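Engineer: So the sequences go chain by chain: A and B. So for the first sequence, the numbering used here puts the first residue at 235; every next one is plus one. So for the second sequence, the numbering used here puts the first residue at 2; every next one is plus one. Quick reminder that beta carbons are idealized off the backbone N, C-alpha and C, glycines included. Keep in mind it's a predicted model, so treat the numbers as computed, not measured.
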Amino acid sequence: MGKLSRAALIYIGAVVVSAVVLVARGPFAGLRWQYVVFLGILVIVSESRATQLRKGQLTWSSSSAAMLASVVLVGPVGAAIVGACTALGLRRGPHLLQRVFNTAMYALSAYLAGRAFLAFGGHVGLPDEKSFPAIIAPFAAAALILVAANHGLLSGVLWLTRPRDQMSSGSSGAGVGLSARLLLSDLGYAAYGLLMAALWSVVGFFAPLLVLIPLFVARWAVTQFAEQQKAYEATVGALCQAVETKDFYTRGHSDRVSRGSVMIAREIGMRGERVEAIRYAGMLHDVGKLGVPTKVLQKTGKLTEEEYSAIQLHPMRGLDIVREIGFLDEALAGIMHHHERIDGRGYPMGLAGDEIPEFARVLAVADAFDSMTSTRSYRGARPVAEAIEELRKWSGTQFDPAFVDAFVAALKREGWQLSEPPVIAADDLAAVTAQDHDDPGAPLRVIDSL
Amino acid sequence: MTDSAGRTPAHSSRDPRRFPWQVRDSGQLLLVVAAGVWLVAAVAQTAAEGLRDPRIAIAFGALIAFGEVLRLNLPGDRETAPIGFAGALAYALLIKVGAHVVHYSAEQVVTVATIGMIIGALPHLAVGRPARVSGMAVRLLCIACVAYTFRPLAGNSAVEKHWGLAVTLMTALTVIALLLEAVLTALLRVDEQRARFRVALVDEMRVQLPLGAAVGASALLIAFAAEVMGLAALAVFTAPLLVTQVAFRRYAGIRATYLQTVRALAKVTEIGGYVEAGHSERVSRLGVAIGRELGIHEPQLLELEYAALMHDIGQLSLHDPIPGGATVLVSRQDQQRIAELGADVIQQAQVLGSVAEIVRRQNEPYRDTDHAANGRAGLVPSSKPSGPPPGPPLSSRIIKAANAFDDLVGSSLDPGRAAAAVQRLRLDTASEYDPATVEALSRVVNRRSVML
């Protein structure tokens, strides 16, 4: 965690101070301490098994259930104390300041929820069958306040401590916001809080333990999902590299085009899911190159019409493969048309201007840029500044000007990691291509007549 | 050669035991019929007695229908309805709602559950995605067992006085219901997929355990909570289980996408002309069938599937495609280099380390070792090294055999050609192919030609 801005420190301070003041005010008379202790333990267990959502920044746990149970059973002050027990959650990672903030945030949210519960007519204590259904409305209010306070305070601190490079961009992108999905999950788990409180009167301390089972199962499923997601990305990346085994010089090309496309997408403020889709589009855009016979890719002289059309077909071939992958709808269009030109002289369909899908126009810029700034068998890598000049030169005819500008802006801010010049093994099984169809400076030369 | 080629098709057409509808799905049919009979009896009884506690019946029926509408697909081609199952179990285990003791019979439980399930299945049917009747029948049987056991006891005064006894009994019955579901589903899979029962049962329990635990706990929770909250318990409880279900849906979704993607990207070799069209898919299907025959567990079976789909990826780095993609025609050294290249690519996807290993060793000849002499070689799972390495892992041996078979036979459906290919593999068994694997291959291939 880097240095915090003054605003962030003031914010955190305010939250901590309010929490401490409200809790210290009491009243502590009539507080059922055995419930507080038990619920505190539940909260500590939940926190210790929290799920990491964003490294170093965000975790999620099912402790909201225990906190809402405490709202019903021990009132606002007790709930705040239970919330403060999160400080004892046995988890590596959080910075001291983060821990202090989290503790204060939970205590404050729980206190406010408790107040809301009382305000809407709820009664503190063990519910019995006479309490229902009258208790549902105050409980729902408490749940809403708890979740809103938690997410609100957290959004505030995330906003104030967001990394410097995201501060200038006006985008409200995936960087800062907490997803609606998390909000709904929290509300769902809040229902369990009522259940825990209600069951206490029926089966005593046993039921809340039973309640933890579905909560942990859900958490397990979320973790599994996250793992599978990572595995998926690693696999797609690896398989895309397989495509590149055809030519040592293009190793890593898909990965870099993918990164470049994501840079442009973020710069123009694309929504999170579309940024993901364009990332995969970048990774898979050249998969169709396999359909081009190696001898064509290796030819050093001019190409015949036949051979040129074989190369022209590779976006379509790529499409055939990628079409089978369910979630890549918009990416498909991007891959198919990534060699179109704004002036309509591209392939395969000769679309012009806005007819070309957005993804395709983004890919085109990133694709050409990486091609220029990488070493090829027929020329060395060109410096970034020169490549930018080329992009600008062809902006409006080959590339979409808006995306060229966005890319240049993103480059100035983040820089570009150049590819390393490849080391050719003595192995003669690997192939090397002689022409690069992505390079705008060296377009494929076609023999006009045979 | 003429012997086996001549015998197999004739054998099937003259076998009096195997009528068309009995070749497959006989287990499913039995199950559905059993559930149907039970159902009819229950409905008749309920109709005769009339519906007791109608408000409660309707509320639970609605919950079960809702759960059935929100059907979930789990990895490994499984269908389940967690909310519906939990609701039905809770209905079977209910003692009190608020202060009012409930008085309905086990037959009513079965009736309400069935009607709920059918109503819930209708929207899917309308959209063209009919439910698996066998799955519903399994759930119904489990619920029926619990209901018939518990409902007579629910009115018992001993149970009412000692709630500890009631809780223990209810918990035990829930666990039994979940185990029974696993057993019945495993039996169905044995029937459908020719898996071995013990393997199928272990796999089934491994997959169902997390969600099953949530379902069981939720069922108990509703049953307890209804005593305090009344019917409001149903509304309160549904939200968290919904969240759980959403999480599982996403998990299953990405597993499916993963497989889809590997299948799609493996076709890259075919587009480049490096292998014959459909080769990867065929080798993968054949390999998985052989693996099941040899009793490999599901997680390893999935690795085998991935390895089989991607086993030719190394060929992408070749200068020119091998004609027809038949690697059997290429020198041993080149074969090995191709395998290494492929394994290196796969290794990059860090999680697929074992898959890379399988692909790396796919060309290794099988050597006769002590393990082979004991005849146990075919049963040792690929990832467990036991003492000195007994040759290539099982999955590699399977891919080697399946690959060779497909190189010889391709997409041809001619049983004679298939038998000839198997015979050739058998002749090479001493050094090249694992005998147990080749025998399993032979059985799988014979079954296929029978079904034609």
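Considering only their Cβ atoms, is the gap separating B/V229 from A/Y423 smaller than 9 Å?
Structural biologist: Walking along the first sequence from the start, residue 423 of chain A turns up at place 189. Walking along the second sequence from the start, residue 229 of chain B turns up at place 228. In terms of Cβ geometry, A/Y423 and B/V229 do not form a close pair [threshold 9 Å].
Engineer: Look at the alpha carbon of A/G359 and the alpha carbon of A/G309, and state the distance between them as a whole number of angstroms.
Structural biologist: Taking the first sequence and counting its residues from 1, the one referred to as residue 359 of chain A is at position 125. Taking the first sequence and counting its residues from 1, the one referred to as residue 309 of chain A is at position 75. Cα to Cα, A/G359 sits roughly 8 Å from A/G309.
Engineer: DSSP three-state label for B/N74, please.
Structural biologist: Indexing the second sequence from 1 puts residue 74 of chain B at position 73. Strand at B/N74.
Engineer: Helix, strand or coil for A/L537? Go by DSSP, reduced to three states.
Structural biologist: Against the first sequence, residue 537 of chain A aligns to sequence position 303. It is a strand residue.
Engineer: Helix, strand or coil for B/H125? Go by DSSP, reduced to three states.
Structural biologist: Taking the first residue of the second sequence as position 1, residue 125 of chain B is located at position 124. Three-state DSSP puts B/H125 in a helix.
Engineer: Taking the alpha-carbon positions, what's the A/S402 to A/R396 distance?
Structural biologist: On the first sequence, position 168 is the one that residue 402 of chain A refers to. On the first sequence, position 162 is the one that residue 396 of chain A refers to. For A/S402, the predicted model reports a pLDDT of 40, less than 50, meaning its position is unreliable; a value from the coordinates is still stated below. About 11 Å.
Engineer: Just to confirm my understanding: we take A/A431, look at its own chain, exclude 5 residues before and 5 after, and list those with CB closer than 7 Å. What are they?
Structural biologist: As a working mapping, residue 431 of chain A is identified with position 197 in the first sequence. Cβ neighbours of A/A431 beyond the five flanking positions: A303, V306, L307 and P361.
Engineer: Throw me the rounded Cβ distance for the A/D601 and A/H572 pair, which I believe falls under 8 Å.
Structural biologist: Sequence index remark: in the first sequence, residue 601 of chain A carries index 367 (1-based). Sequence index remark: in the first sequence, residue 572 of chain A carries index 338 (1-based). That belief holds up - the Cβ atoms of A/D601 and A/H572 are roughly 6 Å apart, short of 8 Å.
Engineer: Look up B/V504 in the DSSP assignment and give the residues it is bridged to.
Structural biologist: Since the first residue of chain B shown is 2 and the last is 453, residue 504 of chain B is not available in this structure.
Engineer: Would A/R595 pass as a contact of A/D634 if the rule is Cβ separation under 9 Å?
Structural biologist: Numbered from its first residue, the first sequence carries residue 595 of chain A at position 361. Numbered from its first residue, the first sequence carries residue 634 of chain A at position 400. Contact flag set, yes.
Engineer: With a 10 Å radius around its C-beta and 16 neighbouring C-beta atoms as the bar for buried, classify A/A660 as buried or exposed.
Structural biologist: Reading the first sequence from its first residue, position 426 is the one you call residue 660 of chain A. Residue confidence for A/A660 is low, a pLDDT of 47 falling below 50, so the modelled location carries little weight; the figure read from the coordinates is stated next. Label assigned to A/A660: exposed.
Engineer: Under 9 Å, CB to CB, which of the residues in the stretch 349-373 of chain B have a partner in chain A?
Structural biologist: Those would be Q349, A350, Q351, V352 and L353, in chain order.
Engineer: In this structure, how does DSSP classify A/F354 when only helix, strand and coil are distinguished?
Structural biologist: Counted from its first residue, the first sequence places residue 354 of chain A at position 120. Here A/F354 sits in coil by DSSP.
Engineer: Buried or exposed: where does A/Y612 fall if 16 or more other Cβ atoms within 10 Å of its Cβ makes it buried?
Structural biologist: The residue given as residue 612 of chain A occupies position 378 in the first sequence. Exposed: under 16 other Cβ atoms inside 10 Å.
Engineer: Listed from N- to C-terminal order along the chain, which residues in the stretch 100-129 of chain B have their beta-carbon within a distance smaller than 7 Å of any beta-carbon of chain A?
Structural biologist: Listed by position, the residues of the stretch 100-129 of chain B near chain A (Cβ gap below 7 Å) are A100.
Engineer: Could you check what DSSP says for A/V255 in three-state terms: helix, strand or coil?
Structural biologist: Here residue 255 of chain A refers to the residue found at position 21 when the first sequence is read from its first residue. If DSSP states are grouped into helix, strand and coil, A/V255 belongs with the helices.
Engineer: By alpha-carbon positions, which one of B/L64, B/I255, B/D407 and B/L142 ends up nearest to B/A309?
Structural biologist: Indexing the second sequence from 1 puts residue 309 of chain B at position 308. That would be B/D407, whose Cα lies nearest to the Cα of B/A309.
Engineer: Tell me which residues share the same chain as B/A187 and place their Cβ nearer than 6 Å to its Cβ, disregarding the 5 neighbours each side in the sequence.
Structural biologist: What you label residue 187 of chain B is simply residue 186 of the second sequence in a count that begins at 1. Result list for B/A187: A201, L202 and E205, in chain order.
Engineer: Counting contacts by CB-CB distance shorter than 9 Å, is B/P241 in contact with chain A?
Structural biologist: Position 240 of the second sequence, counted from the first residue, corresponds to residue 241 of chain B. Cβ-Cβ to chain A under 9 Å: yes for B/P241.
Engineer: Would you mind telling me which residues of chain A sit closer than 8 Å to B/P300, beta carbon to beta carbon, in chain order?
Structural biologist: Translated into positions along the second sequence, residue 300 of chain B becomes position 299. Simply none; closest approach about 13 Å.
Engineer: I want to verify the contact list: residues of chain B whose CB lies under 8 Å from the CB of A/R551, in sequence order.
Structural biologist: Sequence index remark: in the first sequence, residue 551 of chain A carries index 317 (1-based). Near A/R551 (Cβ distances below 8 Å), the residues of chain B are I272.
Engineer: Could you spell out where the alpha helix (DSSP H) holding B/R398 opens and where it closes?
Structural biologist: On the second sequence, residue 398 of chain B is found 397 positions in, with the first residue counted as 1. Here the alpha helix (DSSP H) through B/R398 covers L395 to V410.
Engineer: Can you give me the C-alpha to C-alpha distance between A/G404 and A/H385, rounded to a whole angstrom?
Structural biologist: As a first step, residue 404 of chain A is located in the first sequence; it is residue number 170 there, counting from the start. As a first step, residue 385 of chain A is located in the first sequence; it is residue number 151 there, counting from the start. Residue placement at A/G404 is poorly supported in this model, since its pLDDT is 36, which falls under 50; the coordinates still yield a value, given next. Taking the straight line from one Cα to the other gives about 22 Å.
Engineer: Given that B/S219 touches chain A, what residues does it touch there, using C-beta distances under 9 Å?
Structural biologist: The residue labelled residue 219 of chain B in the question sits at position 218 within the second sequence. In chain order: I447 and P448.
Engineer: Would A/A375 count as contacting chain B if we go by Cβ distances under 9 Å?
Structural biologist: Start at 1 with the first residue of the first sequence, and residue 375 of chain A comes out as number 141. Output row for A/A375: interface = no.
Engineer: Run down chain B in chain order and give the residues with a C-beta less than 8 Å from the C-beta of A/F354.
Structural biologist: Here residue 354 of chain A is taken as the residue at index 120 of the first sequence, counted from 1. None at all; the shortest Cβ gap to chain B is about 16 Å.
Engineer: Could you tell me the alpha carbon to alpha carbon distance between B/A265 and B/V445, rounded to whole angstroms?
Structural biologist: Position 264 of the second sequence, counting from 1, holds the residue named residue 265 of chain B. Position 444 of the second sequence, counting from 1, holds the residue named residue 445 of chain B. Taking the straight line joining both Cα atoms gives about 25 Å.
Engineer: For B/R283 and chain A, any beta-carbon pair shorter than 9 Å?
Structural biologist: Position 282 of the second sequence, counted from the start, is the residue given in the question as residue 283 of chain B. Chain A contact via Cβ: absent.
Engineer: What is the rounded straight-line gap between the Cα of B/S332 and the Cα of B/L32?
Structural biologist: Residue numbering aside, residue 332 of chain B sits at position 331 when the second sequence is read from its first letter. Residue numbering aside, residue 32 of chain B sits at position 31 when the second sequence is read from its first letter. Cα to Cα, B/S332 sits roughly 53 Å from B/L32.
Engineer: So, helix, strand or coil for B/T258, using DSSP?
Structural biologist: Reading the second sequence from its first residue, position 257 is the one you call residue 258 of chain B. Three-state result, B/T258: helix.
Engineer: CA-CA distance, A/S406 and A/P591?
Structural biologist: Position 172 of the first sequence, counted from the start, is the residue given in the question as residue 406 of chain A. Position 357 of the first sequence, counted from the start, is the residue given in the question as residue 591 of chain A. Reliability fails at A/S406, whose pLDDT of 34 lies under 50, so the model's placement of it is uncertain and the value that follows must be treated cautiously. Straight-line Cα distance between these residues: approximately 23 Å.
Engineer: Assuming A/V521 contacts A/G552 under a Cβ cut-off of 8 Å, what Cβ separation, rounded to an integer in Å, is found between them?
Structural biologist: Residue numbering aside, residue 521 of chain A sits at position 287 when the first sequence is read from its first letter. Residue numbering aside, residue 552 of chain A sits at position 318 when the first sequence is read from its first letter. Yes, A/V521 and A/G552 are in contact; Cβ-Cβ is about 4 Å, under 8 Å.
Engineer: Just how far apart, CA to CA, sit A/F366 and A/E558?
Structural biologist: In the first sequence, the residue the question calls residue 366 of chain A occupies position 132. In the first sequence, the residue the question calls residue 558 of chain A occupies position 324. Roughly 52 Å separates the two Cα atoms.
Engineer: If we cut at 9 Å on Cβ distances, does B/L395 have a partner in chain A?
Structural biologist: Working through the second sequence from its first residue, we reach residue 395 of chain B at position 394. Not an interface residue.
Engineer: B/L395 and B/G292: beta carbons closer than 9 Å?
Structural biologist: Numbered from its first residue, the second sequence carries residue 395 of chain B at position 394. Numbered from its first residue, the second sequence carries residue 292 of chain B at position 291. Yes, the Cβ-Cβ distance between B/L395 and B/G292 is below 9 Å.
Engineer: Which residues of chain A have a Cβ atom closer than 7 Å to the Cβ of B/A214, listed in chain order?
Structural biologist: The residue labelled residue 214 of chain B in the question sits at position 213 within the second sequence. Residues of chain A passing the Cβ test: I447 and V451.
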